[in-house]
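Below is one structure; the comments refer to it alone.
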Amino acid sequence: MRAAVVTDFATPPRFADFREPEPREGFVPVRMLAAGVHRIVRSLAAGAHYGSGDELPFVPGVDGVGVLEDGTRVYTGGSPDPFGTFAERTLVPAGFAVPVPDGLSSVDAAGIVNPAMSAWMPLVGAAALRPGQTVLVLGATGASGSLAVRIALHLGAGRVIAAGRNEEALARVAEDDRVVPVRIGGDLAASLRGAAPDGIDVVLDYLWGPVAEAALEALRRTGLGHTAASTTYVQLGALAGTRVSLDASLLRSSSLSITGSGAGSIDPRLLLAELPEILALAAEGGLALPLRAVPLADLEAAWSSTDRLVAVI
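Per UniProt numbering, the sequence shown starts with residue 1, numbered consecutively.
Quick look at the structure:
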């Protein structure tokens, strides 16, 4: 079969022949239609992700849209190594195949669900967002961050503080009057305190590094005559740095819980339970993203593009 194949971590996947996946217990065959070129896919293809292996060659792609043997169009993923979704055919776990609504294109489903999950899953899981709570999104002007703002509102947040650097993108994200825009720069901690004088219940952080340090400082409470509001801080990405310096007194004074959400930490049962609603919201137009469809044969040439790509098989 034809596939995009990683033969070297230093070069983009190449369109080439790859062996057919053989039947395997617990897995079902899928004929792929589209697969998203997500940040995690690029990182795995470069051997730079915490989940990267060292065996070559392999087919990248963590999710996508395909057709089961009975003709059902599904969102799916989780192919066993060395197979992935950037191929004409792959294998997926028998229980991980969620029907795609008729009103949602294969390209949109393949490109939207993965970044949407980054915010959706911690909000319904570890953070357990309650109606009316305040959510801070760090990196709100990126693709995943902009979806996070909309998802937080959809799931019941009363207020979302959207922090980002791109002023034009920030203005678009903040068109809803429940969204408070904060530009990253200057004294970010002071800006966040001003935007959320009553505290922040949940932080969705796609940036980490110095931006996270400023956000954490904004959560600090001084004096002993107060009861700190509880905050769940969810680490989702590291676009601004991979490390932070954390003052011990901050943890003791702020009733702060720090957790992470990503590949390997999400309960697959919860994911399967939530995927139908994510797909339905995307079909209604509530999770739109600017996507660029690229034929699988042309993916190598398009790999360096900053567009949000979806490979069409």
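The beta-carbon is built from N, C-alpha and C at its ideal position, and this holds for glycine as well.
Note that this is a predicted model, so its numbers are computed, not measured.
| said: If the criterion is Cβ atoms closer than 8 angstroms, does the pair Gly164 and Gly185 meet it? | reply: no
| Euclidean distance between Cα positions of Gly64 and Leu170 | 29 angstroms
| request: Write down every uninterrupted run of the alpha helix (DSSP H) in the stretch 142 to 182 whose length is 4 residues or greater and which is fully enclosed by it, in chain order. | output: 143 to 154, 167 to 173
| request: Would you list the residues sitting across from Gln133 in a DSSP beta bridge? | output: According to DSSP, Gln133 bridges with nothing at all.
| Exposed unless 16 or more other CB atoms sit within 10 angstroms - verdict on Ala128 | exposed
| Hey, Val107 and Ala248 are a contact pair by Cβ (cut 8 angstroms); roughly how many whole angstroms apart? | About 48 angstroms separates the two Cβ atoms, so there is no contact after all.
| message | According to DSSP, is Asp108 part of a helix, a strand, or is it coil? | response | helix
| Looking only at C-alpha atoms, which of Gln235, Thr11, Ile313, Glu284 sits nearest to Pro122? | Gln235
| Nearest to Ala87 by CA position, among Gly77, Phe96, Pro268, is which residue? | Gly77
| said: In the DSSP assignment, the alpha helix (DSSP H) including Ser253 goes from what residue to what residue? | reply: 248 to 254
| request: Kindly indicate the opening and closing residues of the beta strand (DSSP E) around Pro295. | output: 292 to 295
| If you pair each beta-carbon of the stretch 140 to 156 with each one of the stretch 204 to 211, do three or more pairs fall below 8 angstroms? | yes
| query | Sorted by chain position, which residues of the same chain lie with C-beta nearer than 7 angstroms to Val5's C-beta, five sequence neighbours on each side aside? | reply | Pro13, Arg14, Ala16, Phe18, Pro57, Val59
| request: Go ahead and pull the three-state DSSP assignment for Tyr191. | output: Reading off the sequence, residue 191 comes out as Ser, not Tyr. Ser191 falls in the helix class under three-state DSSP.
| request: Below 8 angstroms CB to CB, which residues in the same chain sit around Asp8 once its five sequence neighbours on both sides are set aside? | output: Leu56
| message | Whole angstroms are fine: how far does the CA of Tyr233 sit from the CA of Ile112? | response | 24 angstroms
| query | What separation, rounded to the nearest whole angstrom, lies between the Cα atoms of Asn166 and Val149? | reply | 15 angstroms
| said: Applying the 10 Å Cβ sphere with the 16-neighbour rule, what's the burial state of Arg73? | reply: buried
| Cα-Cα separation between Gly95 and Pro268, rounded to whole angstroms | 10 angstroms
| field | Coil, strand or helix - residue 392 by DSSP | value | Nothing can be reported for residue 392: it is not among the residues displayed for the chain, which extend from 1 to 313.
| field | Host alpha helix (DSSP H) of Gly209 (start-end) | value | 209 to 218
| Pick from Ala280, Ile40, Leu33, Ser79 that is closest to Asp102, judged by C-alpha positions | Ala280
| task | Taking Leu192 as the reference, give the member of Leu219, Thr259, Val173 with the closest Cα. | result | Leu219
| field | Where Pro82 sits in the DSSP three-state scheme | value | coil
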